[in-house]
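**Q** Below: one structure in structure tokens.
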């Protein structure tokens with residue numbers, strides 16, 4: 152296989168090149184060891200397994216969603232015959248340990264067409280003559296023109312929900328993925344059942360002696376523990392479903408917060424523009440008073456003072472006891 156670095160040349164056409172190998176082989180070439188103790192080093196485990204099955208390439212301990220190690224170890228094998236042999240055995244004995252062996256199943260991926268946004272096919276095989284907007288669901292022959300007029304109101308093409316048509320949280324996508332996963336698991340279970348039926352088995356009474364009472368009691372206790380574990384798994388699945396619902400609500404709240412933040416920023420921009428206009432108007436009024444009103448008032452004060460001194464106007468009037476004193480006061484109060 153090309154995964155084997157020894158099968159690659161050191162140069163190609165006298166040119167040096169760098170080989171970047173993937174971390175894993177494809178899922179079809181992987182198996183999973185169950186109940187591997189945490190105190191066993193993966194390198195030691197891989198060395199022991201390769202001494203029996205040299206075609207085993209890598210071993211990786213699987214991490215959970217919190218990036219904590221689990222008791223599951225993924226094995227990458229480059230020989231399909233070895234894979235079939237181990238799947239048929241269902242167990243692998245290493246260092247006095249009998250470890251369960253199952254196929255490695257990846258999570259089912261759902262195909263969503265980027266043209267019609269329907270499930271189960273690619274854009275290249277889509278038979279639709281129109282393209283659809285993933286946001287509002289509008290159909291058009293030229294989406295570039297529609298993008299300028301799109302109202303940005305989210306409407307899924309499939310379920311008419313308020314989300315984009317390519318959103319993996321769509322109820323239709325979740326239902327399709329669940330059905331697809333059940334179908335894949337059912338096929339795997341059927342294949343294992345057929346392999347079990349094909350194995351040659353002859354029942355003999357002496358191979359199954361009667362069990363004593365202590366063993367029966369232990370067997371019942373094991374069954375009770377199994378039932379308790381099943382209930383805990385069901386409770387955990389229910390809690391995970393609730394957690395997914397809470398996560399969806401948090402995402403919706405985040406979207407609403409983003410919209411509200413955008414509106415608030417727009418309001419702040421409008422207020423800043425109004426403040427700038429008022430500042431410009433205030434500056435204009437100050438300049439108008441200092442450059443027009445004040446000079447006119449200064450001239451009028453000087454003219455009135457001259458007229459009073461030449462006895463053209465009386466210094467004493469009904470409204471003011473002394474025009475000269477009033478003019479002097481106003482002249483001092485005028486801004487420079």
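Numbering (our numbering), first residue to last: 152 to 487.
Positions of the beta carbon are idealized from the N, C-alpha and C atoms, including for glycine.
Everything numeric in this text was worked out from a predicted model, so none of it was measured.
Is residue 441 helix, strand or coil when you go by DSSP?
**A** By one-based count along the chain shown, residue 441 stands at place 290. DSSP places residue 441 in helix when its eight states are reduced to three.
**Q** Hey, how far is the Cα of residue 388 from the Cα of residue 225?
**A** Locating residue 388 in the chain shown gives position 237, counting from the first residue. Locating residue 225 in the chain shown gives position 74, counting from the first residue. Going by the C-alpha atoms only, they are around 24 Å apart.
**Q** Mapping the DSSP letters down to three states, classify residue 220 as helix, strand or coil.
**A** Mapped onto the chain shown, residue 220 falls at position 69. DSSP places residue 220 in strand when its eight states are reduced to three.
**Q** According to DSSP, is residue 431 part of a helix, a strand, or is it coil?
**A** Taking the first residue of the chain shown as position 1, residue 431 is located at position 280. DSSP places residue 431 in helix when its eight states are reduced to three.
**Q** Assuming residue 272 contacts residue 281 (C-beta within less than 8 Å), just tell me the rounded distance between them.
**A** By one-based count along the chain shown, residue 272 stands at place 121. By one-based count along the chain shown, residue 281 stands at place 130. Not quite, the Cβ-Cβ distance comes to about 16 Å (not below 8 Å), so this is no contact.
**Q** For residue 251, write down the residues that DSSP places opposite it in a beta bridge.
**A** As a position in the chain shown, residue 251 is number 100, starting the count at 1. DSSP lists 242 as partners of residue 251.
**Q** The alpha helix (DSSP H) with residue 203 in it runs from where to where?
**A** As a working mapping, residue 203 is identified with position 52 in the chain shown. Unbroken alpha helix (DSSP H) run through residue 203: 193-203.
**Q** Taking C-alpha atoms, which residue in 476, 482 and 423 lies nearest to residue 448?
**A** Numbered from 1 along the chain shown, position 297 holds the residue referred to as residue 448. Answer by Cα proximity: 482.
**Q** Do you know how far the Cα of residue 195 is from the Cα of residue 211?
**A** Residue 211 sits at position 60 when you count from the first residue of the chain shown. Residue 195 sits at position 44 when you count from the first residue of the chain shown. Their backbone Cα atoms lie some 12 Å apart in a straight line.
**Q** Could you please give me the residues that DSSP links to residue 211 through a beta bridge?
**A** Residue 211 sits at position 60 when you count from the first residue of the chain shown. 225.
**Q** Residues bridged to residue 282 by DSSP?
**A** On the chain shown, residue 282 is found 131 positions in, with the first residue counted as 1. 291.
**Q** Compare the C-alpha of residue 184 against each of 470, 251 and 299 and name the closest.
**A** On the chain shown, position 33 is the one that residue 184 refers to. Comparing Cα-Cα distances from residue 184 to each of 470, 251 and 299, the minimum goes to 251.
**Q** Start and end of the alpha helix (DSSP H) containing residue 474?
**A** As a first step, residue 474 is located in the chain shown; it is residue number 323 there, counting from the start. Unbroken alpha helix (DSSP H) run through residue 474: 474-484.
**Q** In the DSSP output, what is residue 263 paired with across the bridge?
**A** Translated into the one-based positions of the chain shown, residue 263 becomes position 112. In DSSP, residue 263 forms a bridge with 270.
**Q** Sort 267, 278 and 330 by Cα distance to residue 317 and report the nearest one.
**A** Translated into positions along the chain shown, residue 317 becomes position 166. For residue 317, the nearest C-alpha among the options comes from 267.
**Q** Using three-state DSSP, classify residue 181 as helix, strand or coil.
**A** Within the chain shown, residue 181 is the residue found at index 30, counting from 1. Of the three classes helix, strand and coil, the one that applies to residue 181 here is strand, per DSSP.
**Q** If I measure Cβ to Cβ from residue 163 and keep anything under 6 Å in the same chain, skipping five residues before and after, which residues do I get?
**A** The residue labelled residue 163 in the question sits at position 12 within the chain shown. Correct list: empty, nothing qualifies.
**Q** Out of 260, 253 and 249, which one is the CA nearest neighbour of residue 180?
**A** Locating residue 180 in the chain shown gives position 29, counting from the first residue. Closest option to residue 180, Cα to Cα, is 253.
**Q** Under the three-state reduction of DSSP, which class applies to residue 350: helix, strand or coil?
**A** Residue mapping note: residue 350 aligns to position 199 of the chain shown, counting from 1. Low per-residue confidence applies at residue 350: pLDDT is 49, beneath 50, and the placement is therefore not dependable, though the value from the model is reported in the following sentence. Residue state, collapsed to three classes: coil.
**Q** In angstroms, rounded to a whole number, what distance separates the CA positions of residue 469 and residue 484?
**A** Along the chain shown, read from residue 1 onward, the residue named residue 469 stands at position 318. Along the chain shown, read from residue 1 onward, the residue named residue 484 stands at position 333. The straight-line gap from Cα to Cα measures roughly 23 Å.
**Q** Rounding to the nearest angstrom, what Cα-Cα distance links residue 242 and residue 381 in this structure?
**A** The residue given as residue 242 occupies position 91 in the chain shown. The residue given as residue 381 occupies position 230 in the chain shown. Distance between the alpha carbons of residue 242 and residue 381 is about 23 Å.
**Q** Distance, Cα to Cα, residue 325 vs residue 430?
**A** Within the chain shown, residue 325 is the residue found at index 174, counting from 1. Within the chain shown, residue 430 is the residue found at index 279, counting from 1. The C-alpha of residue 325 lies about 57 Å from the C-alpha of residue 430.
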